[in-house]
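What follows is a single structure, written as structure tokens, with notes after it.
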Amino acid sequence: MQSRSGNEPEPDPQESADGAGAGERDPFTPKVPPVGEDEDRDQDRDQDRNEGEGEAEADEAEAESGADLAETMDLRSLSEEPEVKSVPRRPKKHAGPMSSETVKKPIGESDDEPDQPEQPAESALDETVSLEDSAAASDDEDAREPEPAPAETVNLRDLLPEESAATEPEPEAESEAKSEAEPAAEQDRPELAETVNLRDLLPEGPEGKSPEEQAKEQPAEPEPPIRRRTSPEGEPLRRRPMPGGQPPRRPGPGQDPRRGPGYPHAGDTGPRRRPPSEHAPDRAPNRRPAPESRPGAAAAAASGPAAPAAPAKPVSVSLGRRRLLAAFWPPRMSRNQAVVGVLLGALGAALAIQVHATNTSDEILRGARSDDLVNILDEVTSRGQSLDAELRNLETQNAAIQDSADKAQAALAQAQQKAKDLQILAGTVKAKGSGITLTITDPQNQLKSATLLNALEELRAAGAEVVQVDGVRVVVSSSFVDTADGGIALDGHELTQPYVYKVIGDPNTLGPAMQIPGGVVATVKSSPGANAAITPGQVLVDAVVPVPNPDYAKAG
Amino acid sequence: MIAAIGLVIGVIAGVVFHPTVPAGLAPYLPIAVVAALDAVFGGVRALLDGIFDDKVFVVSFVSNVLVAALIVYLGDQLGVGSQLTTGVVVVLGIRIFSNAAAIRRHIFHA
């Protein structure tokens with residue numbers, strides 16, 4: 002309602018033009034599309050417009066939400082000239098004193114049969130509406146407010162056209178009639194008066210909400226009309242009385258000589274509605290029963306076209322929420338509801354199935370189209386190829402590393418072997434192997450160290466690898482020394498008789514090397530009492546020399 | 052109310068049974084779901100506008116779904132299936148957004 006009054010100034014010319022169009026077209030009702038379609042188109046158009054026009058969309062949404070769709074239509078007709086032809090229907094639908102009717106119509110009227118007879122009545126309604134609009138657009142108030150008054154006002158209005166047919170002052174007469182009817186309604190609602198006062202304080206801004214909410218609550222409880230409006234599938238019967246009741250009005254325009262010709266002119270209805278909106282402020286105090294439309298109308302009158310749809314917002318809020326609640330709570334079981342429920346159930350199931358399918362990978366492939374499958378196959382193939390290449394690369398690396406590891410092991414083994422050899426040569430580890438044992442006895446103690454040294458050198462020359470004399474390991478630095486008491490010392494150890502050489506080497510070389518003429522054995526035997534015996538066999542050299550730890554020398 | 056219950060039941064049924072979609076229809080299911088969502092949002096908006104009509108809703112729901120699936124099918128036949136699917140989804144997404152905006156304005160007044 003607010004939206005209507007708020008928007009009025011702008012769409013006026015259009016609206017009136019539409020009204021005119023309706024007046025002209027009504028006789029040819031066949032032109033009017035079936036109501037269902039119309040409704041559909043409305044939705045679609047809304048959406049389309051939303052897509053196209055940001056600002057217009059907002060305004061319209063607000064305006065529509067005001068529940069006064071007649072106004073919306075006007076806006077639309079402004080924004081979309083080509084659609085004007087469908088517009089005339091709109092005001093008809095929603096302009097009726099009870100907009101609940103208009104909402105219900107789609108269902109019942111979709112058959113078109115009852116529709117056509119009704120059209121004229123509606124057009125009559127339309128006309129009266131424009132008149133009523135001029136009288137401050139109380140239709141919606143009637144529908145909205147819990148007045149017992151509506152019936153009265155309707156009757157009054159029905160009478161009015163005839164009166165006005167005779168005389169100009171029609172708007173005043175109507176407004177008087179209303180002012181009569183509405184005070185009566187006001188008595189029923191003292192609270193509304195309060196609301197009104199609040200409203201006067203906060204006429205326009207969204208802050209005006211709180212009064213509106215009050216207003217919303219008040220009508221909601223006592224007032225069946227709103228329910229009816231929000232529940233489209235309400236009993237279709239209700240609507241019948243109205244068309245029936247309206248025909249009396251129909252003659253109005255016919256009888257009215259001024260109106261009949263006047264309609265086609267846009268200027269005609271325009272001026273008619275104007276005066277009331279100017280009067281509006283005057284009546285405002287006693288008009289309070291329609292709190293929502295009031296401030297809007299006042300604002301419209303005051304600020305003219307500039308008055309925005311702002312006041313419509315709060316209404317839309319309350320209306321929208323109320324509609325939602327109404328649609329939800331009193332659960333209504335009807336065939337239509339059931340069909341909608343089944344459809345939504347199908348939607349839910351499809352949603353769940355699709356979500357589940359999307360989350361399961363093979364289901365994706367199952368549902369994919371061939372293009373996608375080819376793409377996926379390509380992807381998988383190329384990925385496999387790249388993985389193959391990577392595998393080969395890694396295998397090569399592995400082989401190389403294994404190679405180097407083998408080499409390292411071989412080198413290590415070699416080094417260890419060499420270390421062992423060197424240890425044996427250095428005399429730091431025990432050694433065993435085939436060889437000979439050379440035993441030199443010298444009971445008269447005549448042998449000198451030179452003889453023993455000669456024997457050792459002969460052995461080395463014959464290929465002795467490891468030599469030990471009387472438990473002392475012979476190494477490169479070993480030396481035989483004649484001691485002062487006539488004995489012989491090896492590396493500081495006093496040797497005792499018999500001198501036993503344990504020698505590891507080739508026994509077949511070592512033995513003959515000792516016994517050659519002029520050799521060790523011959524030399525020893527040349528001394529009186531001395532003897533040398535050679536025993537080939539396995540020899541264990543168990544004497545070792547301590548490992549010297551070099552303090553300064555490092556491996557180069 | 053019935054509609055909301057139907058939606059819940061449908062979701063539960065889909066989750067519990069998750070029946071297998073015939074392979075031929077599988078590509079059209081997602082687009083049909085989006086189209087149906089668009090219809091549902093439009094219906095809610097119409098409800099808030101006070102112009103909701105069961106019949107209109109049912110017709111628009113079914114026709115939305117069918118037309119969306121048909122467009123995608125045609126696209127598949129013409130070899131531009133994925134592009135058309137994208138286009139349809141974009142259009143429906145825009146509609147859903149605008150309807151959601153209108154609903155939001157109705158309910159939250161913002």
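Order-wise, the sequence lines are chains A and B. So the first sequence is numbered by this note's numbering: it starts at 2 and just counts up by one. So the second sequence is numbered by this note's numbering: it starts at 52 and just counts up by one. By construction, the Cβ of each residue, glycine as well, lies at the ideal position given by its N, Cα and C atoms. Model, not experiment: these values are computed from the prediction.
> Is residue 532 of chain A helix, strand or coil by DSSP?
Replying inline: Within the first sequence, the letter at position 531 stands for residue 532 of chain A. Residue state, collapsed to three classes: strand.
> So which residues of chain A does residue 158 of chain B contact, with C-beta pairs closer than 8 Å?
Replying inline: In the second sequence, residue 158 of chain B corresponds to position 107, counting from 1. Neighbours of residue 158 of chain B on chain A, chain order: 318, 321, 322 and 325.
>> I'd like to check one pair, residue 506 of chain A with residue 463 of chain A: are the Cβ atoms closer than 9 Å?
In response: One-based indexing of the first sequence puts residue 463 of chain A at position 462. One-based indexing of the first sequence puts residue 506 of chain A at position 505. Against a cut-off of 9 Å, the Cβ pair of residue 506 of chain A and residue 463 of chain A comes out as a contact.
> Is it true that the stretch 58–68 of chain B meets the stretch 542–556 of chain A, where meeting means three or more beta-carbon pairs spaced less than 8 Å apart?
Replying inline: no
>> Give me the DSSP bridge partner(s) of residue 502 of chain A.
In response: Locating residue 502 of chain A in the first sequence gives position 501, counting from the first residue. Residue 502 of chain A pairs with A:439 and A:470.
> Does the separation of the CB atoms of residue 504 of chain A and residue 473 of chain A fall below 9 Å?
Replying inline: Locating residue 504 of chain A in the first sequence gives position 503, where the first residue counts as 1. Locating residue 473 of chain A in the first sequence gives position 472, where the first residue counts as 1. Cβ distance not < 9 Å, so residue 504 of chain A and residue 473 of chain A don't count as in contact.
> Would you call the CB atoms of residue 502 of chain A and residue 454 of chain A closer than 9 Å?
Replying inline: Sequence index remark: in the first sequence, residue 502 of chain A carries index 501 (1-based). Sequence index remark: in the first sequence, residue 454 of chain A carries index 453 (1-based). Cβ atoms of residue 502 of chain A and residue 454 of chain A: not closer than 9 Å.
>> Judging by CA-CA distance, which residue of B:101, B:103, B:79 and B:109 is the nearest neighbour of residue 343 of chain A?
In response: Along the first sequence, one-based indexing puts residue 343 of chain A at 342. Nearest of B:101, B:103, B:79 and B:109 to residue 343 of chain A, Cα basis: B:109.
> Taking DSSP as the reference, what is the three-state secondary structure of residue 126 of chain B?
Replying inline: The residue you call residue 126 of chain B lines up with position 75 of the second sequence. Note: residue 126 of chain B maps to helix in three-state DSSP.
>> Out of A:534, A:493 and A:496, which one is the CA nearest neighbour of residue 512 of chain A?
In response: Your numbering for residue 512 of chain A matches position 511 in the first sequence. Distance from the Cα of residue 512 of chain A is smallest, within the candidate group A:534, A:493 and A:496, for A:534.
> Can you find a CB in chain A that lies within less than 9 Å of the CB of residue 63 of chain B?
Replying inline: Counting from one through the second sequence, the residue named residue 63 of chain B turns up at place 12. It does: the Cβ of residue 63 of chain B has a partner Cβ on chain A nearer than 9 Å.
> So who's on the other strand from residue 541 of chain A, going by DSSP bridges?
Replying inline: Residue mapping note: residue 541 of chain A aligns to position 540 of the first sequence, counting from 1. A:433.
> Can you find a C-beta in chain B that's less than 9 Å from the C-beta of residue 352 of chain A?
Replying inline: Position 351 of the first sequence, counted from the start, is the residue given in the question as residue 352 of chain A. Closer than 9 Å: yes.
> If we count the other Cβ atoms within 10 Å of its Cβ and call it buried at 16 or more, is residue 514 of chain A buried or exposed?
Replying inline: As a working note, residue 514 of chain A is residue 513 in the first sequence. It is buried - the Cβ of residue 514 of chain A has at least 16 other Cβ atoms within 10 Å.
> Which class does residue 481 of chain A belong to by DSSP, given the choice of helix, strand or coil?
Replying inline: Translated into the one-based positions of the first sequence, residue 481 of chain A becomes position 480. Correct three-state label for residue 481 of chain A: strand.
> Is the distance from the Cβ of residue 158 of chain B to the Cβ of residue 341 of chain A below 9 Å?
Replying inline: In the second sequence, counting from the first residue as 1, residue 158 of chain B sits at position 107. In the first sequence, counting from the first residue as 1, residue 341 of chain A sits at position 340. The answer is no: Cβ separation not under 9 Å.
> Counting pairs of Cβ atoms below 8 Å between the stretch 522–532 of chain A and the stretch 442–456 of chain A, do you hit three or more?
Replying inline: Touching, per the Cβ criterion.
> Taking Cβ positions only, does residue 344 of chain A come closer than 9 Å to chain B?
Replying inline: Taking the first sequence and counting its residues from 1, the one referred to as residue 344 of chain A is at position 343. So yes, residue 344 of chain A belongs to the interface.
> Which one of B:118, B:123, B:90 and B:131 has the shortest CA to CA distance from residue 145 of chain B?
Replying inline: Against the second sequence, residue 145 of chain B aligns to sequence position 94. When each option's Cα is compared against that of residue 145 of chain B, the closest is B:90.
> Given residue 72 of chain B, which residues of its chain have a CB within under 6 Å of its CB, disregarding the five upstream and five downstream residues?
Replying inline: Here the question's residue 72 of chain B lines up with position 21 in the second sequence. Sequence-distant Cβ neighbours of residue 72 of chain B in its own chain, meaning closer than 6 Å and more than five residues away, are 80.
> In three-state terms, what does DSSP make of residue 494 of chain A?
Replying inline: Stepping through the first sequence from its first residue, residue 494 of chain A is reached at position 493. DSSP places residue 494 of chain A in strand when its eight states are reduced to three.
> residue 63 of chain B: which of A:356, A:485 and A:487 sits nearest, CA to CA?
Replying inline: On the second sequence, position 12 is the one that residue 63 of chain B refers to. Closest by alpha carbon: A:356.
> Hey, residue 86 of chain B and residue 135 of chain B: beta-carbon distance below 9 Å or not?
Replying inline: Reading the second sequence from its first residue, position 35 is the one you call residue 86 of chain B. Reading the second sequence from its first residue, position 84 is the one you call residue 135 of chain B. Taking 9 Å as the Cβ cut-off, residue 86 of chain B and residue 135 of chain B do not qualify as a contacting pair.
> In three-state DSSP terms, what is residue 214 of chain A?
Replying inline: Within the first sequence, numbered from 1, the residue matching residue 214 of chain A stands at position 213. In this prediction, residue 214 of chain A has a pLDDT of 42, which is less than 50 and means its spatial position is unreliable; what the coordinates show is noted afterwards. Of the three classes helix, strand and coil, the one that applies to residue 214 of chain A here is helix, per DSSP.
>> At the 9 Å Cβ level, is residue 114 of chain A part of the contact set with chain B, yes or no?
In response: Stepping through the first sequence from its first residue, residue 114 of chain A is reached at position 113. Confidence at residue 114 of chain A is low in this model, with a pLDDT of 37, below 50, so the placement of that residue should be treated as unreliable; the coordinate-derived value is given next. False, the Cβ-Cβ gap to chain B never drops below 9 Å.
> Cα separation between residue 112 of chain B and residue 378 of chain A?
Replying inline: Position 61 of the second sequence, counted from the start, is the residue given in the question as residue 112 of chain B. Position 377 of the first sequence, counted from the start, is the residue given in the question as residue 378 of chain A. Cα to Cα, residue 112 of chain B sits roughly 37 Å from residue 378 of chain A.
>> For residue 499 of chain A and residue 475 of chain A, I'd like the C-alpha separation in whole angstroms.
In response: The residue labelled residue 499 of chain A in the question sits at position 498 within the first sequence. The residue labelled residue 475 of chain A in the question sits at position 474 within the first sequence. Approximately 17 Å, taken between the alpha carbons.
> In terms of DSSP beta bridges, what is residue 475 of chain A paired with?
Replying inline: On the first sequence, residue 475 of chain A is found 474 positions in, with the first residue counted as 1. In the DSSP output, where bridge partners are listed per residue, residue 475 of chain A has A:468.
>> At the level of alpha carbons, what is the spacing between residue 552 of chain A and residue 406 of chain A?
In response: Translated into positions along the first sequence, residue 552 of chain A becomes position 551. Translated into positions along the first sequence, residue 406 of chain A becomes position 405. Approximately 34 Å, taken between the alpha carbons.
> Cα-Cα, which of A:490, A:335, A:458 and A:544 is closest to residue 521 of chain A?
Replying inline: Counting from one through the first sequence, the residue named residue 521 of chain A turns up at place 520. Of the candidates A:490, A:335, A:458 and A:544, the one whose C-alpha sits nearest the C-alpha of residue 521 of chain A is A:458.
>> Against chain A, does residue 55 of chain B count as a neighbour if the rule is that its beta carbon must be under 9 Å from one of theirs?
In response: Sequence index remark: in the second sequence, residue 55 of chain B carries index 4 (1-based). True, the Cβ-Cβ gap to chain A drops below 9 Å.
>> Extract the residue ranges of the alpha helix (DSSP H) inside the stretch 314–395 of chain A, only unbroken runs of 4 or more that lie entirely within it.
In response: 336–360 and 362–368
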